[in-house]
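Per this note's numbering, the sequence shown runs over residues 21 to 475.
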Amino acid sequence: MMWSTIVATLGLQLGSQPAPRISRAAASAIEMGPIRVAVIGGGPSGSCAAEVFAKAPNFDCTLFERKMDNCKPCGGAIPLCMVEEFSLPPEIVDRRVRKMKMISPSGREVDVGRTLKPEEYIGMTRREVLDGYLRDRAVEYGATPVNGLVQRIELPTQARDTYIIKYSNYDGKSKGVPSEAEFDMIIGADGANSRTAKAIDAGEYNFAIAFQERIKIPDEKMKYYEDLAEMYVGDDVSPDFYAWVFPKYDHVGVGTGTVVNRPAIGEYQAAIRERCADRLGPDPKVIKVEAHPIPEHPRPRRVVGRVALVGDAAGYVTKCSGEGIYFAAKSGRMAAEEIVALSQGGARMPTEQEIKDTYLKKYDAKYGPTYLVLDILQKVFYTNNGAREAFVDMCDSDYVQKVTFDSYLYKTVQGNNPVEDVKLLFNTIGSIIKGNAIAKPDKVISNPVESLKRL
């Protein structure tokens, strides 16, 4: 009996046959080495996930990022709650926006922000600064950074229960060196064009194209935007979204986006430049041009095997506002925290169903209502110029401003005053009627080839 036990322990069975292979995924009852986690993508979602894994016992985290100085095309707005929740230092925030100006298709301007408290603001950041800070912090806690572009992910097989990541390693080199590494789990934080999502057949989603120019303007013009952001609506600047002028450190970001007419993004950018031309001054200098896809809804499959998608890779960008930074950081942190908890200190490998039952269920329960409300608002108010006029008109209401800012700044759906809600309903109807009466007709869009690409 003792001999049989010793032989089995050595990996043999009586009769000189190899013992069945014990997979790391099923090794909860035996001692195993650190769980090797690859986080693919070094933006807010990947960096926040990597930080959690780096702090956790019995986890070995590698953070892949192709461009360590990446400047993602993005408005850069973050809610107030993110500053404290993610312990962001003051210098990360370039501008503290306390006023917004909404401009309708007909040119009506409504000032928004009078319900804000003195300490409340929307933070404006540069992505290269914010992303770099979060990534460096994860590395300081122990994540291993790899300046590499992931090319292919090989899924587990019957003979191998791990993931093989093949990538080009650019660490200190101008040309990538083909490399590969083996991991037990993967966090896909590699954006809207996620190769991780493709590897696990996560499914497709509709996406918008966001286009932004960073523009240097005279100091006296910049002073106008010191704590002010502008949002423009109208079918001239976007048939289904809004255009913006957001203040940055020493310049402004001017941009727009669209889902339904992506080929015309250049026309819409030219239109927003024309509408804000007087405020930018006679000689604005474009210092950077950026464009990027933005997901419109979550992917059909966000967890497959021991791979979890977060941030843009998962499709976590809200309709109506187009916000994604906070939800990226939050989803990365939540996914990592749930995986660490499920692993029981790195002693066992979480299963696909366990990750779905924790990370996905908790995320959807907490933020699902926000996505739903903003989806409805976009469908109601961004579809034609009459509705856009109504949208701007409604923003003149103190109740609408308070509910909107509280929902954005603190990431909870607001609006629990029955009397004001009833008033808002009737005011909405009145604004829509008035908006349709004064609005110019929308231009007809015809792009049959492009429309076939939408789900």
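Ideal Cβ placement from N, Cα and C applies to all residues, glycine included. Source: prediction; values computed, not measured.
Return the residue from the list the options that minimises the CA-CA distance to residue i.
| i | options | result |
| --- | --- | --- |
| Asn-1 | Arg-147, Glu-104, Val-197, Ile-185 | For the chain, the structure presents residues 21 to 475; residue 1 sits outside this window and is missing. |
| Lys-186 | Ala-219, Ala-158, Gly-211 | Ala-219 |
| Ile-314 | Val-57, Asn-226, Ala-356, Ile-285 | Asn-226 |
| Ala-459 | Ser-126, Pro-64, Val-197 | Ser-126 |
| Pro-165 | Gln-373, Gly-62, Ala-333 | Gly-62 |
| Ile-229 | Phe-446, Glu-140, Gln-289 | Gln-289 |
| Gly-133 | Arg-322, Asp-426, Glu-105 | Asp-426 |
| Arg-157 | Leu-362, Arg-116, Gly-66, Tyr-379 | Gly-66 |
| Cys-296 | Tyr-252, Arg-282, Leu-429 | Tyr-252 |
| Gln-171 | Tyr-190, Lys-195, Glu-139, Arg-215 | Arg-215 |
| Leu-150 | Ile-207, Pro-176, Met-88 | Met-88 |
| Glu-139 | Asn-456, Leu-380, Pro-99, Pro-304 | Pro-99 |
| Val-280 | Pro-54, Ser-258, Thr-390, Ile-292 | Ser-258 |
| Asn-467 | Ala-284, Cys-68, Asn-213 | Ala-284 |
| Gly-273 | Glu-246, Arg-282, Thr-371 | Glu-246 |
| Asn-167 | Pro-176, Lys-193, Tyr-153 | Lys-193 |
In terms of DSSP beta bridges, what is residue i paired with?
| i | result |
| --- | --- |
| Ala-328 | Ile-207, Val-323 |
| Arg-115 | Met-144 |
| Val-272 | Ile-235, Pro-267 |
| Pro-198 | Ser-188 |
| Met-120 | Val-132, Ala-249 |
| Ala-228 | Ile-314 |
| Ile-98 | Gly-143 |
| Thr-164 | Thr-82 |
Consider the C-beta atom of residue i and the heavy atoms of the ligand ZN; say whether any pair is separated by less than 7 Å.
| i | result |
| --- | --- |
| Leu-136 | Looking for the ligand ZN in the displayed structure turns up nothing, as the structure carries no ligands at all. |
Per DSSP, what kind of secondary structure is residue i in: helix, strand or coil?
| i | result |
| --- | --- |
| Val-72 | helix |
| Asp-247 | coil |
| Leu-108 | coil |
| Val-280 | coil |
| Pro-125 | coil |
| Tyr-183 | strand |
| Val-159 | helix |
| Ala-333 | helix |
| Arg-483 | Look at the range of the chain in this structure, 21 to 475, and you will see that residue 483 is not part of it. |
| Gly-254 | coil |
| Val-464 | coil |
| Pro-259 | coil |
| Gln-178 | coil |
| Lys-193 | coil |
| Thr-378 | helix |
| Ser-341 | coil |
| Lys-241 | helix |
| Pro-64 | helix |
| Ala-47 | Reliability fails at Ala-47, whose pLDDT of 47 lies under 50, so the model's placement of it is uncertain and no value is given. |
Just to confirm the assignment, what range does the beta strand (DSSP E) spanning residue i have?
| i | result |
| --- | --- |
| Ile-307 | 305–315 |
| Arg-172 | 168–174 |
| Phe-84 | 79–84 |
| Ile-453 | It is not in any beta strand (DSSP E) - Ile-453 instead sits in the alpha helix (DSSP H) that spans 438–458. |
| Ile-55 | 55–60 |
Spatial neighbours of residue i within its chain, please: CB distance less than 6 Å, with the 5 preceding and 5 following residues excluded, ordered by chain position.
| i | result |
| --- | --- |
| Lys-422 | Thr-135 |
| Phe-261 | Gly-277, Thr-278 |
| Ala-163 | Ala-70, Ala-74, Cys-81, Leu-83 |
| Arg-41 | Since pLDDT at Arg-41 reaches only 40, below the 50 mark, its modelled position is unreliable, and the value read off the structure follows with that caveat. Closer than 6 Å at Cβ, skipping near neighbours: no residue. |
| Lys-463 | Asp-255 |
| Arg-56 | Asp-80, Phe-203, Asp-204 |
| Pro-238 | Gly-301 |
| Ala-179 | none |
| Ile-123 | Glu-129, Tyr-252 |
| Pro-304 | Ile-235, Ile-237 |
May I ask which residues mark the beginning and end of the alpha helix (DSSP H) holding residue i?
| i | result |
| --- | --- |
| Arg-293 | 285–295 |
| Ala-356 | 345–362 |
| Tyr-391 | 381–401 |
| Gly-406 | 405–414 |
| Phe-425 | 418–430 |
| Ala-219 | 215–219 |
Sorted by chain position, which residues of the same chain lie with C-beta nearer than 7 Å to residue i's C-beta, five sequence neighbours on each side aside?
| i | result |
| --- | --- |
| Gln-398 | Lys-339, Cys-340 |
Can you find a CB in chain D that lies within less than 8 Å of the CB of residue i?
| i | result |
| --- | --- |
| Ala-249 | Among the protein chains of the structure shown there is no chain D, as only one such chain exists. |
Give every residue of the same chain whose Cβ lies closer than 8 Å to the Cβ of residue i, excluding the five residues on either side of it in the sequence, and list them in chain order.
| i | result |
| --- | --- |
| Val-420 | Met-414, Leu-444 |
| Thr-448 | Ala-410, Met-414 |
| Glu-200 | Ile-184, Ile-185, Lys-186, Tyr-187 |
| Asp-270 | Lys-236, Met-242 |
| Ala-249 | Ala-97, Val-117, Lys-119, Met-120, Lys-121, Ile-142, Met-144, Trp-264, Val-265, Phe-266, Pro-267 |
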